[in-house]
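Residue numbers (my numbering), protein chains in the order written: chain A, 1 to 283; chain B, 284 to 1094.
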Amino acid sequence: MLDLHARLATLRVKAQTRQAPSPRPTAEALAASLGGRVVAADVIEVSQSLPLPVRHGRVAIASGRALAAAARAVGRLPEAVAPDSLLFLDTETTGLAGGTGTVAFAVGLAWLESRRLRVVQWLITGFAGERELLDRVRARLAAAGLLVTFNGKSFDVPLLKARARLVRSELPLDDLGHVDLLHATRRFLNAGWPDCRLRTAEVEALRLRRVNDLPGSEAPAAWRSWLERGDGSLLGRVLEHNRADLLSLAALLALLERPTAREAPLFHGLRGSRVASALAGSN
Amino acid sequence: MGGFFEGALDLFTDRPAADLRARTPASVEALIEALRRNHRARIAGEIVVPARAARYADFPAGLDPRLRAALEARGIGRLYSHQLETWDHARAGHDTVVVTPTASGKTLCYNLPVIDAALAGGAKALYLFPTKALSQDQAAEILELNAAGNLGIRAYTFDGDTPGDARRAVRTHGDIVVSNPDMLHQAILPHHTKWAQFFENLRFVVIDELHTYRGVFGSHVANLVRRLRRICRFYGSHPVFIACSATIANPAELAQRLLGGPVRAVTESGAPQGAKHLVVWTPPVLNADLGLRASARSQSTRIARLAVKLGLKTIVFANSRLEVEVLTKYLKDVFDRDPRRPARVAAYRGGYLPTERRDKEAKLRAGALDCVVSTSALELGMDIGALDVCVLNGYPGTVAGALQRFGRAGRRQRSALGVLVCSSDPLDQYLARHPEFLLGASPEHARLDPDQLLILMDHIRCAAFELPFEEGEAFGGVDTAAALGYLGEQGVVHREGRRWHWIADSYPANAVSLRSIAEGNFTVIDITDGRKDVIAEVDYSSAAVTLYEGAIHMVQSAPWQVEKLDWVGRKAFVRATAADYYTDAIDYTKLKVLDEFARDQGASARAAHGEVHVVRRVAGYKKIRYYTHENVGYGRVALPDQEMHTTALWWEAEPGALERAFATRFDALDGFLGAAHAVHRIAVFVSLAEPRDIGRAVGDGDPAGGWVAAPGTDGRAEALTLDGEAFDVAAAGRPFRPTLYLYDNYPGGIGISAPLFDLRREVIERSIELVSQCACRQGCPACVGPVLVAEDSKRLAPKQAALKVLALLRA
Chain A
1 MLDLHARLAT LRVKAQTRQA PSPRPTAEAL AASLGGRVVA ADVIEVSQSL PLPVRHGRVA
61 IASGRALAAA ARAVGRLPEA VAPDSLLFLD TETTGLAGGT GTVAFAVGLA WLESRRLRVV
121 QWLITGFAGE RELLDRVRAR LAAAGLLVTF NGKSFDVPLL KARARLVRSE LPLDDLGHVD
181 LLHATRRFLN AGWPDCRLRT AEVEALRLRR VNDLPGSEAP AAWRSWLERG DGSLLGRVLE
241 HNRADLLSLA ALLALLERPT AREAPLFHGL RGSRVASALA GSN
Chain B
284 MGGFFEGALD LFTDRPAADL RARTPASVEA LIEALRRNHR ARIAGEIVVP ARAARYADFP
344 AGLDPRLRAA LEARGIGRLY SHQLETWDHA RAGHDTVVVT PTASGKTLCY NLPVIDAALA
404 GGAKALYLFP TKALSQDQAA EILELNAAGN LGIRAYTFDG DTPGDARRAV RTHGDIVVSN
464 PDMLHQAILP HHTKWAQFFE NLRFVVIDEL HTYRGVFGSH VANLVRRLRR ICRFYGSHPV
524 FIACSATIAN PAELAQRLLG GPVRAVTESG APQGAKHLVV WTPPVLNADL GLRASARSQS
584 TRIARLAVKL GLKTIVFANS RLEVEVLTKY LKDVFDRDPR RPARVAAYRG GYLPTERRDK
644 EAKLRAGALD CVVSTSALEL GMDIGALDVC VLNGYPGTVA GALQRFGRAG RRQRSALGVL
704 VCSSDPLDQY LARHPEFLLG ASPEHARLDP DQLLILMDHI RCAAFELPFE EGEAFGGVDT
764 AAALGYLGEQ GVVHREGRRW HWIADSYPAN AVSLRSIAEG NFTVIDITDG RKDVIAEVDY
824 SSAAVTLYEG AIHMVQSAPW QVEKLDWVGR KAFVRATAAD YYTDAIDYTK LKVLDEFARD
884 QGASARAAHG EVHVVRRVAG YKKIRYYTHE NVGYGRVALP DQEMHTTALW WEAEPGALER
944 AFATRFDALD GFLGAAHAVH RIAVFVSLAE PRDIGRAVGD GDPAGGWVAA PGTDGRAEAL
1004 TLDGEAFDVA AAGRPFRPTL YLYDNYPGGI GISAPLFDLR REVIERSIEL VSQCACRQGC
1064 PACVGPVLVA EDSKRLAPKQ AALKVLALLR A
């Protein structure tokens, strides 16, 4: 009887040749290249503290109070929201399919602290760091009052809950208020846009075009390269992408603070003929 | 009896039946008497299964009083013995399989322990049914019990139709979740964290219709059970499995292989049952030369008509939707002529809307319909009340299937009758000559191969997605470490420390179909008049020979022509056709032995079994006119060769004995081709397989040689290379080692060849019987294959040639 490997090969199951794994650079070296530091075994933290106003595209994220008011209005919340209770969240994962096999290898969080926007990102360098990552996320969630995401209700939150259960932990996500800007974007801003993606909202509403951005779809491969071959060269760009996503979240919320923005489609980014029909339709 | 038969003359004419509903229905014995008296020659075999008295048991002492009250409110005051037996096993924590006939209260066998545990303290259960309709029926039944006793049990179906917002409620609040294997595979297990509460409290898993989980499908489901057990272990639960099976020869063995552990079998039914008469019926011969018989349809109609006129509730099973419609028409012409009166005859098949089907089921239960004509859709479980007579219009393909259908007729206190009307199909006629196969012999053994390598690998992928694998963790019978190493090389899992984690960005369950192996089924899409309807599915191995461009492909007896075949996309686009010919692929199959596992050297033959490499090429096709069987043209086919490794068994004749038996080598090849045809039929029969599960070929047993045998244009055997060039086997000095191969038609094999090898003698003996007892003279599709014989041919007839070869192989 042929051994398993040979049998699988003969059964027309194609095997790809993999290179032998090379010795991996240390986590410290990777952290340094990312501008961060190792905060726990297999967890790297990259953090920034940006003084307000933070300009992102044509929007200035200037006022915590304005952001809080926007969040309250968009989320139709009965009570006022404290600016420092807002928590922006975005994850980088190994896939988009969801399910228990998808891993959040990086979590980016942003929140207001005095007159500054704190942006903190945690990246795991191996699966062993996941529990630590989730513990740190939990600590931040416990301090927050309102979560702000883009498609977080369908994707990021269920994913984090799943990851927590798999390491037999829990995240206090059920009791936390949550404003998902995907829905708001769809309602208020998307008239004549090709789709509801964050990238499109950036271009159309924020007038921001990223330079040399690593598309989100390439993030899984970037992390796999690190895991399998010790090649972390693309991870910096993954974190940049994640930071830009977080800032776009805040900027969109700032934009939505204007009552007119919430009541009618924002037509600055619209194409000609659709403006007329959109306006006609809204009256 | 006298008073009854006053009206007897009416029964055998076509005069409109007087309304017999006012009179008491006749007994089934009276029907049998009438049939026997008038058509004795058509009865090929009969048997009576004696009546069985009820064996009761009291409710167990530990039964929750609320449940007891609910049962009593539904009119159930005590249990049947087998229901108590199942309760005892389940409560003791043993996996159990219940093997009792339909209408024996098997639902209560599992509902009792499940609902009791749910009432006692939050225990949850998962029910798996093969179809959505059955799932919905079951959920409805639990709800009725619930309502009767105000139990507060929440039973929900969870399938493709469950809307998104309802799914959350099912996950978090369902006490009993009713679903199916596909849903478990694609939607539940890969998202198990959403079901954490459910899995933590899972106490029972119920698998109904266990006997349907065999072959490829069964092998997949066995692996699904492995994945399920693995997830349960993660959440700390160890559910007890309760399975229900129809009567097959080896229910405990099947359950064990499917569930992966020891299983207690409950096989004695305590439910009362009237005597059952089973009859095998064969239509009379109309033309002896051609071997033509009257149609099965005419016989089924006759029997059903008589039964209904006698006031007996009847079900007729047909093997295709078209047959259902035709039989219904014939019967309605007799019984439903007056449109003002309620219909007495109804058709039932999968294509009808669910509301229509529910309506007919209800009418049957209430006794408002006298006769229903159905496809296999009514074979499984749904409660349609008790019927007196069941007619099978043609053998459904397996003994278990036939017995399952017969099970639809059966009364508690009165006799019932099941009649199998044999068609002219060779297997049906074989049964007509050997009714003991159906009536006496034990049903077939259901086989499955949970460690089929490709199937197993697919499920290891899915399992790795669900939970990381730990070092040393077992999954099935394969070396898990080697399998994971292989997947690691493919970049699908990553090893870190003692664990293998999933890192690909795909969702493996999407790529695994529970009903095929690796390569994926083809969908047949109707594009007539701009449509795009999927009308059928064809498995990979049959696709090359039935879906090439130009092929006439039959779906439910209606012809379609394949206009375009997208091989890579696995789609065939067909258009309805009125062509007056059908197509027959010209394909060559060449086998090469890679490894021999076992052999048997006899005096004039040698048999062996092992691993082989198979190459199959479809070179073209013949166009054959209906009825006259003239060859009216050829077509070319350009499809990739199909290659695979699989397991096979083969026979070779001793060269000296072969030379002595045959005047020419080509005569011997005729014999081998004919023998292969018969042996294939018998092998399919004996191993509970479908014809497409087993491939056959005749080729050169010399590894250095390379010819294959195939029927030529004159109907006689030719030896060819794979490219279709003639090969002169008669050249002097060249050794002649024709070999007859039977192989598992799936890459990696599916566990058919090995047991067949063990049964090799029986296979040859039955093949000899099949051929020698066939009514034809020279050979026919029923025994050795289609034969075109010149009128004054002096060559050995294919039938005789086949018998000579089989006689050699027997030794």
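In this text, a Cβ means the ideal position worked out from N, Cα and C, and glycines have one as well.
Residue i at chain A interface by Cβ criterion, 8 Å
i               : result
R899 (chain B)  : no
P1021 (chain B) : no
F748 (chain B)  : yes
I786 (chain B)  : yes
G557 (chain B)  : no
T584 (chain B)  : no
S462 (chain B)  : no
E1048 (chain B) : no
E551 (chain B)  : no
G780 (chain B)  : yes
Cut-off 6 Å between Cβ atoms - residues of its own chain near residue i, not counting five sequence neighbours on either side
i               : result
H372 (chain B)  : T379, R547
H896 (chain B)  : K875, L877, H928
L652 (chain B)  : A629, K646
V568 (chain B)  : R576
P1081 (chain B) : D953, G957, G1062, V1067, V1070
Residue range of the alpha helix (DSSP H) that includes residue i
i              : result
N506 (chain B) : 498 to 517
A324 (chain B) : Here A324 (chain B) belongs to no alpha helix (DSSP H), and DSSP marks it neither H nor E.
Y823 (chain B) : 823 to 829
T611 (chain B) : 604 to 618
Y769 (chain B) : 763 to 772
Where residue i sits in the DSSP three-state scheme
i               : result
K815 (chain B)  : coil
A438 (chain B)  : strand
A886 (chain B)  : coil
P83 (chain A)   : helix
H717 (chain B)  : coil
T872 (chain B)  : strand
R1078 (chain B) : coil
A300 (chain B)  : Below a pLDDT of 50, predicted positions are generally treated as unreliable, and A300 (chain B), at 43, falls in that range; no measurement from the model is reported.
G1031 (chain B) : coil
C1066 (chain B) : coil
Y790 (chain B)  : coil
R37 (chain A)   : strand
A15 (chain A)   : Note that A15 (chain A) has pLDDT 45, beneath the 50 cutoff, so the model's placement of it is unreliable and no number is given.
F955 (chain B)  : helix
T689 (chain B)  : As written in the sequence, residue 689 (chain B) is Phe, which differs from the Thr given in the question. Helix at F689 (chain B).
R979 (chain B)  : strand
The beta strand (DSSP E) enclosing residue i, as first and last residue numbers
i               : result
Q936 (chain B)  : In the sequence as displayed, the identity of residue 936 (chain B) is Ala instead of Gln. Run containing A936 (chain B): 925 to 936, per the beta strand (DSSP E) assignment.
Y631 (chain B)  : 628 to 631
P1081 (chain B) : That residue, P1081 (chain B), is in no beta strand (DSSP E); its alpha helix (DSSP H) goes 1081 to 1093.
S528 (chain B)  : 523 to 528
T455 (chain B)  : Here T455 (chain B) belongs to no beta strand (DSSP E); instead the alpha helix (DSSP H) covers 447 to 456.
N914 (chain B)  : 914 to 919
Interface flag, residue i vs chain B, CB-CB below 8 Å
i              : result
F155 (chain A) : no
A73 (chain A)  : no
T288 (chain A) : Examination of residue 288 (chain A) is not possible in this model, given that chain A is present from 1 through 283 alone.
G129 (chain A) : no
L171 (chain A) : no
A41 (chain A)  : no
Nonlocal neighbours in the same chain, by C-beta distance under 7 Å from residue i, ignoring five residues either side
i              : result
H503 (chain B) : I738, L797
Going along the region 911 to 940 of chain B in order, which residues come within less than 8 Å of chain E, judged by CB to CB distance? Within the model displayed, chain E is absent; protein chains A and B are what it includes.
Report the start-end ranges of each beta strand (DSSP E) in the region 342 to 404 of chain B that is 3 residues or longer and not cut off at the edges. 379 to 382
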